[in-house]
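Colleague: My questions will all concern the structure given below.
Protein chains: 2
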Amino acid sequence: MCQLLGMNANTPTDVCFSFTGLATRADEHRDGFGIAFFEDKGLRHFVDHHGARHSPVAELVKRYPIRSDNVIAHIRKATQGRVALENTHPFVRELWGRYWVFAHNGDLKGFMPRLHGAFRPVGDTDSERAFCWLMQELAKAHAAVPSVAELTHTLCELLPRPAAHGSFNLLLSNGQALWAHGTTRLHWIVRQHPFGSARLADEDLSVDFATQTAASDRVAVIATEPLTLDEPWLAVAPGVLQVFEGGRLSGSVPTGG
Amino acid sequence: MCQLLGMNANTPTDVCFSFTGLATRADEHRDGFGIAFFEDKGLRHFVDHHGARHSPVAELVKRYPIRSDNVIAHIRKATQGRVALENTHPFVRELWGRYWVFAHNGDLKGFMPRLHGAFRPVGDTDSERAFCWLMQELAKAHAAVPSVAELTHTLCELLPRPAAHGSFNLLLSNGQALWAHGTTRLHWIVRQHPFGSARLADEDLSVDFATQTAASDRVAVIATEPLTLDEPWLAVAPGVLQVFEGGRLSGSVPTGG
Chain P
161 MCQLLGMNAN
171 TPTDVCFSFT
181 GLATRADEHR
191 DGFGIAFFED
201 KGLRHFVDHH
211 GARHSPVAEL
221 VKRYPIRSDN
231 VIAHIRKATQ
241 GRVALENTHP
251 FVRELWGRYW
261 VFAHNGDLKG
271 FMPRLHGAFR
281 PVGDTDSERA
291 FCWLMQELAK
301 AHAAVPSVAE
311 LTHTLCELLP
321 RPAAHGSFNL
331 LLSNGQALWA
341 HGTTRLHWIV
351 RQHPFGSARL
361 ADEDLSVDFA
371 TQTAASDRVA
381 VIATEPLTLD
391 EPWLAVAPGV
401 LQVFEGGRLS
411 GSVPTGG
Chain C
161 MCQLLGMNAN
171 TPTDVCFSFT
181 GLATRADEHR
191 DGFGIAFFED
201 KGLRHFVDHH
211 GARHSPVAEL
221 VKRYPIRSDN
231 VIAHIRKATQ
241 GRVALENTHP
251 FVRELWGRYW
261 VFAHNGDLKG
271 FMPRLHGAFR
281 PVGDTDSERA
291 FCWLMQELAK
301 AHAAVPSVAE
311 LTHTLCELLP
321 RPAAHGSFNL
331 LLSNGQALWA
341 HGTTRLHWIV
351 RQHPFGSARL
361 ADEDLSVDFA
371 TQTAASDRVA
381 VIATEPLTLD
391 EPWLAVAPGV
401 LQVFEGGRLS
411 GSVPTGG
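Chains P and C, in that order, give the protein sequences. Residues in the first sequence are numbered consecutively from 161, following my numbering. Residues in the second sequence are numbered consecutively from 161, following my numbering.
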């Protein structure tokens, strides 16, 4: 199964610790990885079709503390689509002068919507096809970047359609907010004052967040499986769309499926 | 002045040597750099708003031999637009299920075309605006990815419009070909059998291509200024659009300006 990782913070924060936790799981996930970092409206997007455990690009991401307020990462275990760079999540498109980043965990069987708009898949995954359809439908629903609340409302109407075709755990961000939709498996946590320490579930590595943070810092982390052993991770309920802004959960809405 | 670097090869080739030459010039160009590598239809896109001379991302690109058939790199000296990640070339968009990569050297004064299509700038540079307009006009001119010859023809009709507003040296690629348009300053060279050696113009570094290549390899390199001292670089004539495919010049067409 693929692994998702998302981060939404109220102050630019690095994800070296969490990404190290994710990359440790990469031995069973040799089919590429990718990570996208928003810095305001700008975006850094690293992908590699080599596994995250040994990729020089992953090594850079683990060691170079890129500070970002919205991050989406994905480690791939190919189920649909060949192992190729163009099939590596997260996918990026531009709409209304904003970049949009999308990563998906799960399988959609037979979701073949008509793509008549400005967004076409470059690769051959079910995930990129679903993303292009979402972007097409968002573009039809609004004339310019709407508020986060309006986007959440539109997404709640759209998500059930692909979700009816299989498991559709996803992360989506436009740099203003991060949306997390769970159908089978997605967990989240908010780290805030007073900060404790945490130990990675899969690697002998601990971090004491108290020494690395200011009292006002707040960061939400979303991942397929809890990444740490000693923190109170919560599960995203099936069919629920959660919205993260400023490092906190700002909305939790059942989709209209 | 910004520095452009393009590479088009008949077999996936790394650009470590040429990128090192380009990055050496980065001391006067502290305002960010970017590089995009096609691997078939897939794309790796590295950007940093820190200068290429000291960026860990640039260090990765110099040391990790990413093999690609089409590369576009840019080192920025900000003239229009703030120093910010979203203003860092090359820019990427998707059209017809293909990624398109664009980098520009020069200044366009007062080029404010109406952007009514699916492509909007994320940042605030004249370059990204011109790219969005080009993509919009290409999307109107063709229904799906046309042949390289047809694209060249359409580009020849389009390029004079922005070029009338200033200097418009640019590199564009969709992974199938690399287009280079010069108005003031752009040079190119084809390296092929029998390979010689070359010494970087700005750094005490030489390479003997004969030891690193097969006899059938062929690679075209395009750069703002000649990168090496001992090779016969040619200038792109003002107003001419050159097309590179399979590591050779496949077309050289005066634009209709």
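Note that the Cβ used here is the ideal one computed from N, Cα and C, for glycine as well. Just so we're clear, the structure is a prediction, and the values are computed from it rather than from any experiment.
1) Using a Cβ-Cβ distance cut-off of 8 Å, determine whether tryptophan 256 of chain C contacts chain P.
2) So what's methionine 167 of chain P in DSSP terms, helix, strand or just coil?
3) Within the same chain, show all residues whose beta-carbon is closer than 6 Å to that of leucine 319 of chain C, passing over the 5 residues directly before and after it, in chain order.
4) Mind checking the stretch 381–404 of chain P against chain C and listing, in chain order, the residues whose C-beta falls within less than 7 Å of any C-beta there?
5) Residues of chain P with CB under 7 Å from valine 282 of chain C, in chain order?
6) Expressed to the nearest angstrom, what Euclidean distance is found between the alpha-carbon atoms of histidine 352 of chain C and cysteine 316 of chain P?
7) Report the option in P/Phe271, P/Ser307, P/Asp284 and P/Leu409 whose CA atom is closest to the CA atom of leucine 294 of chain P.
8) Would you say histidine 325 of chain C reaches chain P, if we count a Cβ-Cβ gap shorter than 8 Å as a contact?
9) Could you tell me whether the Cβ of arginine 204 of chain P comes closer than 8 Å to any Cβ of chain C?
10) Specify, as a first and last residue, the run of the alpha helix (DSSP H) that proline 320 of chain P falls within.
11) Considering Cα atoms alone, identify which of P/Tyr259, P/Ala370, P/Leu338 and P/Ala383 is closest to leucine 203 of chain P.
12) Please go through the stretch 274–331 of chain C and give each complete alpha helix (DSSP H) segment of 4 or more residues, from N-terminal end onward.
13) Determine, for alanine 337 of chain C, whether the minimum Cβ-Cβ distance to residues of chain P falls below 8 Å.
14) With a threshold of 8 Å between beta carbons, is glutamate 246 of chain C in contact with chain P?
15) Quick check: the stretch 367–377 of chain C against the stretch 301–314 of chain C, are there 3 or more CB pairs under 8 Å?
16) What residues of chain P sit near proline 172 of chain C, judged by a beta carbon separation below 8 Å?
17) Can the beta-carbon of glutamate 254 of chain C be found closer than 8 Å to that of valine 282 of chain P?
18) When the Cα atoms are used, what is the spatial distance from alanine 374 of chain C to phenylalanine 206 of chain P?
19) Let me know if glutamate 363 of chain C comes out buried or exposed under the rule of 16 or more other beta-carbons within 10 Å of its beta-carbon.
20) Taking the beta carbon of aspartate 390 of chain C as the centre, do at least 16 other beta carbons fall within 10 Å, making it buried, or is it exposed?
21) With distances taken Cα to Cα, identify the nearest neighbour of valine 403 of chain P among P/Lys237, P/Val305, P/His234 and P/Leu330.
22) Can you find a C-beta in chain C that's less than 8 Å from the C-beta of proline 216 of chain P?
23) Contact defined as beta carbons within less than 8 Å: I believe lysine 201 of chain P pairs with glutamate 246 of chain C. What is the distance between those atoms, to the nearest angstrom?
24) Could you please give the first and the last residue of the uninterrupted beta strand (DSSP E) stretch that includes valine 350 of chain C?
25) Relative to the C-alpha of glycine 406 of chain P, which candidate in P/Phe291, P/Gly277, P/Ala303 and P/Trp339 has its C-alpha closest?
26) In whole angstroms, what is the alpha-carbon distance linking alanine 278 of chain C and tryptophan 256 of chain P?
27) Tell me which residues of the stretch 219–242 of chain P have at least one Cβ-Cβ distance to chain C shorter than 7 Å, keeping chain order.
28) Between histidine 214 of chain C and proline 216 of chain P, what straight-line distance do the alpha-carbon atoms span, to the nearest angstrom?
29) Quick one, which of C/Val221, C/Asp284 and C/Gly399 has its alpha-carbon nearest glycine 181 of chain C's?
30) At a Cβ threshold of 8 Å, is valine 175 of chain C touching chain P?
31) Determine which residues share a DSSP beta bridge with glycine 416 of chain C and list them.
32) Can you have a look at leucine 365 of chain C and say buried or exposed, based on whether 16 or more other CB atoms are within 10 angstroms of its CB?
33) Nearest to arginine 378 of chain C by alpha carbon, out of C/Leu165, C/Gln163, C/Arg280 and C/Asn230?
34) Taking its Cβ as the centre, do 16 or more other Cβ atoms sit within 10 Å of alanine 263 of chain P, making it buried, or is it exposed?
35) Please state whether the Cβ-Cβ distance between aspartate 174 of chain C and arginine 227 of chain C is less than 8 Å.
36) Look at the Cβ atom of alanine 212 of chain P, then the Cβ atom of phenylalanine 193 of chain P, and state whether they are nearer than 8 Å.
Modeller: Reading it off the structure:
1) It does; some Cβ of chain P falls within 8 Å.
2) strand
3) His341 and Thr415
4) none
5) Lys201, Glu254, Gly257, Arg258 and Tyr259
6) Looking at the sequence provided, one finds glutamine at residue 352 of chain C rather than histidine. Using only the alpha carbons, I get a separation of about 56 Å.
7) P/Phe271
8) no
9) yes
10) In the DSSP annotation of this structure, the continuous segment of the alpha helix (DSSP H) that includes proline 320 of chain P starts and ends at 320–323.
11) Ranking the options by Cα distance to leucine 203 of chain P, first place goes to P/Tyr259.
12) 286–301, 308–318 and 320–323
13) No, no contact with chain P.
14) In terms of beta-carbon proximity, glutamate 246 of chain C lines the interface with chain P, with at least one pair separated by less than 8 Å.
15) no
16) Per Cβ cutoff of 8 Å: no residues; proline 172 of chain C is ~12 Å from chain P at best.
17) yes
18) 30 Å
19) exposed
20) With fewer than 16 other Cβ atoms within 10 Å, it is exposed.
21) With distances taken between Cα atoms, valine 403 of chain P lies closest to P/Leu330.
22) Yes, its Cβ sits closer than 8 Å to a Cβ of chain C.
23) 5 Å
24) 347–352
25) Among P/Phe291, P/Gly277, P/Ala303 and P/Trp339, the Cα nearest to that of glycine 406 of chain P belongs to P/Trp339.
26) 8 Å
27) Answer set for the stretch 219–242 of chain P: Leu220 and Tyr224.
28) 18 Å
29) Comparing Cα positions, the closest option is C/Val221.
30) no
31) DSSP lists no partner for glycine 416 of chain C.
32) exposed
33) C/Asn230
34) Buried: at least 16 other Cβ atoms inside 10 Å.
35) Yes, they are a contact pair.
36) yes
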